[in-house]
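Numbering-wise (the working numbering), the sequence shown opens with residue 201 and increments by one. Cβ coordinates follow ideal geometry from the N, Cα and C atoms, glycine included. This report refers to the structure that appears directly beneath it.
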Amino acid sequence: KTITDMMVGVVKNSSIPWIDGQAQVAGKTGTAQIFINGQYDPNKTIASFVGFAPAQEPKFAMLVVLFEPSASVWGSRTAAPIWFDIAEEIFLIKSINPRN
201 KTITDMMVGV VKNSSIPWID GQAQVAGKTG TAQIFINGQY DPNKTIASFV GFAPAQEPKF
261 AMLVVLFEPS ASVWGSRTAA PIWFDIAEEI FLIKSINPRN
């Protein structure tokens, strides 16, 4: 419960509006530098977002991972929007109310 609440907070308190503020989605972004030739390259990253919904009674979980994304190095700006685009389709197809 505590970790789920923290993950819901990540989504609700994001400076990037991924989804309707009433949705109960739990998630976490990730950004990792890639190790090349003995050092980390700050411009080459693996960006990710993992989440599940609805947060209190999950119907699905999903992980989006992008290797060396071009639009931004950050998971919040690359992987998370893709996750939410896919999740919105899952909500429709599976008749899931993300606000529950």
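A direct Cα-to-Cα measurement between Thr245 and Trp274 gives close to 8 Å. Inter-residue distance for Leu263 and Phe252 is about 9 Å (C-alpha atoms, whole angstroms).
Rounded to the nearest angstrom, the gap between the Cα atoms of Pro242 and Ser248 is 16 Å.
Thr204 sits away from Ala280, with the two beta carbons spaced by 8 Å or more. Excluding its 5 nearest sequence neighbours in each direction, Ile234 has C-beta neighbours in its own chain below 6 Å: Asp241 and Lys244, listed in chain order. Distance from the CA of Phe260 to the CA of Phe291, rounded to the nearest whole angstrom, comes to 10 Å. Residue environment analysis places Gly209 among the exposed positions, since fewer than 16 neighbouring C-beta atoms fall within 10 angstroms of its C-beta.
Ser214 and Lys294 have their alpha carbons spaced roughly 26 Å apart.
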